[in-house]
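Written out below as structure tokens is the structure these notes cover.
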Amino acid sequence: RPKIGNRQLEIGNKAMDSIIKDLQYGLRGLLKHPGFAAIAVITLALGIGANTAMFSVINGVLLRPLPYHQPERLVTIWEESPERGMYEMPVSFANMSEWVNQSQSFDQISAYTFTNLSLTGIGEPVRLNGVRASANLFSLVGATPMLGRTFLPEEDKDGGNRVVVLSHALWQSRFGSNPGITGQSLTINNQPHTVVGVMPANFQFPVGFGYLGKVLNDPTDMYVPLAPGSDETRRGNYSFFALGRLKPGATINQAQAEMSTIESRLEQQYPGTNSGINVRLIPTQEQTVKEIRPALLVLLGAVVFLLLIACANLANLLLARSVSRQKEFAIRTALGASRLRVLRLLLTESLMLSLAGGALGLLFAVWGTAALMTLAPDNIPRLNEVGIDARVFGFTLVISLLTGILFGLVPAINASKPDLNEGLKESSKGATGTT
Numbered sequence: 050r051p052k053i054g055n056r057q058l059e060i061g062n063k064a065m066d067s068i069i070k071d072l073q074y075g076l077r078g079l080l081k082h083p084g085f086a087a088i089a090v091i092t093l094a095l096g097i098g099a100n101t102a103m104f105s106v107i108n109g110v111l112l113r114p115l116p117y118h119q120p121e122r123l124v125t126i127w128e129e130s131p132e133r134g135m136y137e138m139p140v141s142f143a144n145m146s147e148w149v150n151q152s153q154s155f156d157q158i159s160a161y162t163f164t165n166l167s168l169t170g171i172g173e174p175v176r177l178n179g180v181r182a183s184a185n186l187f188s189l190v191g192a193t194p195m196l197g198r199t200f201l202p203e204e205d206k207d208g209g210n211r212v213v214v215l216s217h218a219l220w221q222s223r224f225g226s227n228p229g230i231t232g233q234s235l236t237i238n239n240q241p242h243t244v245v246g247v248m249p250a251n252f253q254f255p256v257g258f259g260y261l262g263k264v265l266n267d268p269t270d271m272y273v274p275l276a277p278g279s280d281e282t283r284r285g286n287y288s289f290f291a292l293g294r295l296k297p298g299a300t301i302n303q304a305q306a307e308m309s310t311i312e313s314r315l316e317q318q319y320p321g322t323n324s325g326i327n328v329r330l331i332p333t334q335e336q337t338v339k340e341i342r343p344a345l346l347v348l349l350g351a352v353v354f355l356l357l358i359a360c361a362n363l364a365n366l367l368l369a370r371s372v373s374r375q376k377e378f379a380i381r382t383a384l385g386a387s388r389l390r391v392l393r394l395l396l397t398e399s400l401m402l403s404l405a406g407g408a409l410g411l412l413f414a415v416w417g418t419a420a421l422m423t424l425a426p427d428n429i430p431r432l433n434e435v436g437i438d439a440r441v442f443g444f445t446l447v448i449s450l451l452t453g454i455l456f457g458l459v460p461a462i463n464a465s466k467p468d469l470n471e472g473l474k475e476s477s478k479g480a481t482g483t484t
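Our numbering numbers the first residue of the sequence shown as 50 and each following residue consecutively.
Rendered as structure tokens:
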């Protein structure tokens with residue numbers, strides 16, 4: 050057994066030495082032709098950089114999970130009236146109360162809506178983006194405050210105590226990160242409100258909310274209890290947005306069937322307000338990105354095509370370069386180098402070019418991503434989450450390796466089977482000419 054182990058170690062060392070020699074030879078060959086190497090690296094950098102920048106956007110917008118606890122269980126709940134051509138309608142609070150009581154597929158269901166809040170009494174008056182939310186919204190998304198607490202059930206009722214939860218950004222910018230902010234009174238919409246909590250920096254609700262073709266990317270500054278009034282709880286008043294968390298093991302199809310059954314019963318009970326009304330469930334991740342996904346995928350296809358064009362051009366350059374190296378390959382083959390050995394050497398050179406192009410392309414991608422975010426339209430959700438992270442680094446490495454193989458394989462195969470007669474004749478002519 051020790052002999053076998055030593056043999057394997059010897060084989061491994063030889064393989065490593067061979068790879069190092071290929072790298073050294075490939076580097077010397079590229080340094081001897083800096084013009085060719087520069088053109089190849091810059092061409093690859095542009096193609097890989099464009100793909101990396103586009104992937105960073107797709108990663109941040111489409112692929113990255115929503116920043117909530119177990120986001121795959123979150124479902125956006127709409128009401129709809131197909132007979133009237135109305136889809137993704139806000140929900141009736143009265144209907145939602147029936148869902149909470151009758152549904153077996155959801156752990157929790159919460160309502161919220163948007164509101165403008167005016168903060169006065171501290172510095173200059175300012176208008177802020179606010180969310181009115183059911184008391185259970187924070188627990189539904191798995192968020193806990195950094196300071197204090199969130200809303201109590203009794204505060205989520207009409208006439209309850211006026212309280213407010215601050216976003217981390219507002220707490221820093223307006224209140225100087227005061228750790229004793231909880232318990233203080235603020236004048237909001239000319240009414241006194243008590244600060245009961247501050248959310249952590251990584252919490253934002255909602256994320257990239259889309260409704261009627263619009264996307265709300267503006268961050269929320271304050272959260273106040275929903276506390277619906279009598280008119281808002283009136284059946285037939287469709288004015289709230291709803292979010293649900295599926296129970297473990299429950300599927301969205303099961304929940305959809307159950308909610309449709311509940312809505313059918315409500316239609317029979319309240320035909321005047323619920324006739325033709327149904328429920329539509331959409332995974333919240335899909336709801337966030339469904340409007341922008343097709344456009345982003347088209348753009349990704351365009352930059353992939355750009356990279357393929359770059360690969361085709363580089364393959365042609367390598368084919369032309371291999372013609373001038375026929376004598377070299379013929380001599381190597383005559384001295385005993387196998388076709389696989391020559392093929393590996395050429396692929397090593399291609400991979401060195403592609404990795405150098407990938408490194409430069411990553412730098413281009415950083416600039417390109419910043420430019421994309423600056424020029425991007427307002428209807429792209431989650432733009433603040435776009436950036437270069439470990440997944441983007443991995444994508445760049447993989448695409449660099451694949452690109453090196455793609456543009457280097459055909460020229461390498463062609464050059465690895467040289468015409469020995471022609472190659473050696475050319476060699477002897479060159480030797481005769483120098484004597």
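No residue lacks a Cβ here, since even glycine has one placed at the ideal position from N, Cα and C.
Note that the structure is a prediction, hence the values are computed from the model and not measured.
In this structure, how does DSSP classify residue i when only helix, strand and coil are distinguished?
i: residue 204; result: helix
i: residue 241; result: strand
i: residue 271; result: strand
i: residue 164; result: strand
i: residue 210; result: coil
i: residue 340; result: coil
i: residue 428; result: coil
i: residue 472; result: Because residue 472 carries a pLDDT of 46, less than 50, the predicted location of this residue cannot be relied on, and no value is offered for it.
i: residue 252; result: coil
i: residue 435; result: coil
i: residue 291; result: strand
i: residue 100; result: helix
i: residue 159; result: strand
i: residue 281; result: coil
i: residue 193; result: coil
i: residue 177; result: strand
i: residue 481; result: Confidence at residue 481 is low in this model, with a pLDDT of 45, below 50, so the placement of that residue should be treated as unreliable; the coordinate-derived value is given next. DSSP places residue 481 in helix when its eight states are reduced to three.
i: residue 50; result: In this prediction, residue 50 has a pLDDT of 48, which is less than 50 and means its spatial position is unreliable; what the coordinates show is noted afterwards. Three-state DSSP puts residue 50 in coil, outside helix and strand.
i: residue 222; result: helix
i: residue 125; result: strand
i: residue 327; result: strand
i: residue 199; result: coil
i: residue 69; result: helix
i: residue 417; result: helix
i: residue 141; result: strand
i: residue 332; result: strand
i: residue 44; result: Examination of residue 44 is not possible in this model, given that the chain is present from 50 through 484 alone.
i: residue 115; result: coil
i: residue 246; result: strand
Do residue i and residue j have their CB atoms nearer than 8 Å?
i: residue 461; j: residue 395; result: yes
i: residue 260; j: residue 190; result: no
i: residue 453; j: residue 98; result: no
i: residue 128; j: residue 311; result: no
i: residue 215; j: residue 180; result: no
i: residue 106; j: residue 409; result: no
i: residue 162; j: residue 290; result: yes
i: residue 157; j: residue 329; result: no
i: residue 269; j: residue 178; result: yes
i: residue 316; j: residue 309; result: no
i: residue 140; j: residue 126; result: yes
i: residue 392; j: residue 445; result: no
Would you give the residue range spanned by the alpha helix (DSSP H) that residue i belongs to?
i: residue 234; result: Unbroken run through residue 234 is the beta strand (DSSP E), 234-237; no alpha helix (DSSP H).
i: residue 135; result: Note, residue 135: premise wrong, no alpha helix (DSSP H); beta strand (DSSP E) at 135-138.
i: residue 121; result: Neither: residue 121 is in no alpha helix (DSSP H) and is coded neither H nor E.
i: residue 265; result: First-last for residue 265: 263-265, but that is the beta strand (DSSP E), not the alpha helix (DSSP H).
i: residue 310; result: 301-318
Give the C-beta separation of residue i and residue j to the nearest angstrom, bearing in mind that I take them to be a contact with Cβ-Cβ under 8 Å.
i: residue 143; j: residue 342; result: The pair is not a contact, with the Cβ atoms about 34 Å apart (cut-off 8 Å).
i: residue 346; j: residue 96; result: Contact flag wrong, Cβ pair sits at about 18 Å.
i: residue 367; j: residue 457; result: 6 Å
i: residue 238; j: residue 183; result: Rounded, the Cβ-Cβ distance is 19 Å, inconsistent with contact.
Nearest CA to the CA of residue i: which residue from the options?
i: residue 402; options: 324, 358, 160, 455; result: 455
i: residue 81; options: 225, 409, 149, 370; result: 370
i: residue 365; options: 73, 89, 449; result: 89
i: residue 301; options: 335, 322, 288; result: 335
i: residue 434; options: 94, 87, 110; result: 110
i: residue 426; options: 404, 234, 264, 412; result: 264
i: residue 485; options: 102, 159, 306; result: Because the chain spans 50 through 484 in this model, residue 485 falls outside it and cannot be assessed.
i: residue 101; options: 400, 463, 276, 352; result: 352
i: residue 357; options: 274, 449, 325, 113; result: 449
i: residue 137; options: 210, 73, 333; result: 333
i: residue 489; options: 327, 83, 169; result: Outside the displayed span of the chain (50 to 484) sits residue 489, for which this structure offers no information.
i: residue 152; options: 186, 296, 411, 414; result: 296
i: residue 337; options: 298, 413, 431; result: 431
i: residue 208; options: 93, 277, 288, 419; result: 277
i: residue 275; options: 305, 201, 253; result: 201
Between which two residues does the beta strand (DSSP E) carrying residue i extend?
i: residue 257; result: Neither: residue 257 is in no beta strand (DSSP E) and is coded neither H nor E.
Quick one: is residue i near chain B, going by C-beta distance under 8 Å?
i: residue 161; result: The question asks about chain B, but that chain is absent: this structure has only one protein chain.
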